[in-house]
Structures are given as structure tokens and as C-alpha cells.
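Asks:
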Amino acid sequence: MEEQIEKFRFKGYEFRYYPARFQIQDSRNLKVFLNPFGTPMIQDLGFFPQIITGQGTLTGEQMLKEFNTLQKLFLESSSGLLYLPNEKPIDCYFSELSIVGEAGPRMLHYQFTFTEDCEKSRIGAY
10 MEEQIEKFRF
20 KGYEFRYYPA
30 RFQIQDSRNL
40 KVFLNPFGTP
50 MIQDLGFFPQ
60 IITGQGTLTG
70 EQMLKEFNTL
80 QKLFLESSSG
90 LLYLPNEKPI
100 DCYFSELSIV
110 GEAGPRMLHY
120 QFTFTEDCEK
130 SRIGAY
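Following the numbering used here, the numbering of the sequence shown begins with 10 at its first residue and continues without gaps.
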């Protein structure tokens, strides 16, 4: 039985045109203390929020309508669930949205960033 790939969605909005690429970045907050008599010491202060970035292209007569829908989602101040293919849903904020480069006829390139809402997403993970 083939595993079903989840659609790219945020707060119930399903991306009509699937983003061309996306990246999930995890990182730790590490503090380095210099020790004058030995090797440096590293203290792990926990995780930074996950950052999900990507880009896509909107095409056709409805591209501006689709981009306006993305802008409305971006302007909402609350976090929501982001669904990515083959990943667990992540509570996050829609933190950046921009148009990229030169738009061609009936074509609009955009970039997006989502930032994890750690209070909801990783409770107990720290």
C-alpha cells in the first residue's frame, strides 16, 4: 500500500499551486564559554524555533487572486497548523511573504517563511 502524501496546507488553506521547493531548518542555541586553562565549554540552551522557507509560482488568470489569499493569511496575527508532505503538522506563524524577481505574463514567483510557534508545537521538548 503506497503512503499518501499530505497536501501543502496552512490554517485550512490548501496551496492551489504546489510550492516548487521548501526547506525546514532546525537549530540549537549553543553558548561557547572560553576557558583560559583548557578547551572551550559549550552549553546547550535549547532549540530555536523551526524555520520553514520555500518558493513557488502562481500562474494563470487567477494568480493575483491566489496571491491576495496568501496575503490575507499572512496578515492574520495568530499561528496555525502547517501541513507539509510526509512531515508532522507544525504550529507556526506565517512570518514572511514576498514576490520574487520579475513576473512574466500570467506568472508570479513568490517566497514564504513560516516560524514555529514553540509554545504550541514542542511543549515538553525543551
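For each residue, glycine too, the CB sits at the ideal point set by N, CA and C.
1. Report yes if the C-beta distance between residue 118 and residue 66 is below 8 Å; otherwise report no.
2. Between residue 29 and the rest of its own chain, which residues show a CB-CB distance below 7 Å, the 5 nearest in sequence each way excluded?
3. Check each candidate in 93, 46, 126 and name the one with the smallest Cα separation from residue 22.
4. With a 10 Å radius around its C-beta and 16 neighbouring C-beta atoms as the bar for buried, classify residue 58 as buried or exposed.
5. May I ask which residues mark the beginning and end of the beta strand (DSSP E) holding residue 40?
6. Who are residue 116's beta bridge partners in DSSP?
7. Does residue 126 pass the burial test, meaning 16 or more other C-beta atoms within 10 Å, or should it be called exposed?
8. By the 10 Å Cβ neighbour count, where 16 or more other Cβ atoms means buried, how is residue 91 classified, buried or exposed?
9. Along the chain, where does the beta strand (DSSP E) containing residue 104 start, and where does it finish?
10. Can you look up residue 80 in the DSSP assignment and give me helix, strand or coil?
11. What are the residues that DSSP puts in a beta bridge with residue 125?
12. For residue 85, is the classification buried or exposed, using 16 other Cβ atoms within 10 angstroms of its Cβ as the cut-off for buried?
Replies: On the basis of the data shown:
1. As a working note, residue 118 is residue 109 in the sequence shown. As a working note, residue 66 is residue 57 in the sequence shown. Yes, Cβ-Cβ distance for residue 118 and residue 66 is below 8 Å.
2. Counting from one through the sequence shown, the residue named residue 29 turns up at place 20. So the list reads 64, 65, 66, once near-sequence residues are dropped.
3. Locating residue 22 in the sequence shown gives position 13, where the first residue counts as 1. Put simply, of 93, 46, 126 the residue whose alpha carbon is nearest the alpha carbon of residue 22 is 93.
4. Your numbering for residue 58 matches position 49 in the sequence shown. Label assigned to residue 58: buried.
5. In the sequence shown, residue 40 corresponds to position 31, counting from 1. Run containing residue 40: 37-42, per the beta strand (DSSP E) assignment.
6. Taking the sequence shown and counting its residues from 1, one reaches residue 116 at position 107. Paired residues: 68.
7. Your numbering for residue 126 matches position 117 in the sequence shown. Result: buried.
8. The residue given as residue 91 occupies position 82 in the sequence shown. When all chains shown are included, residue 91 counts as buried.
9. If you number the sequence shown from 1, residue 104 lands on position 95. Where residue 104 is concerned, the enclosing beta strand (DSSP E) stretches over 99-108.
10. For the purposes of this step, residue 80 is taken as residue 71 along the sequence shown, with counting starting at 1. In this structure, residue 80 counts as helix in the three-state DSSP scheme.
11. Here residue 125 is taken as the residue at index 116 of the sequence shown, counted from 1. Note: residue 125 sits in a beta bridge opposite 101.
12. Along the sequence shown, one-based indexing puts residue 85 at 76. Label assigned to residue 85: exposed.
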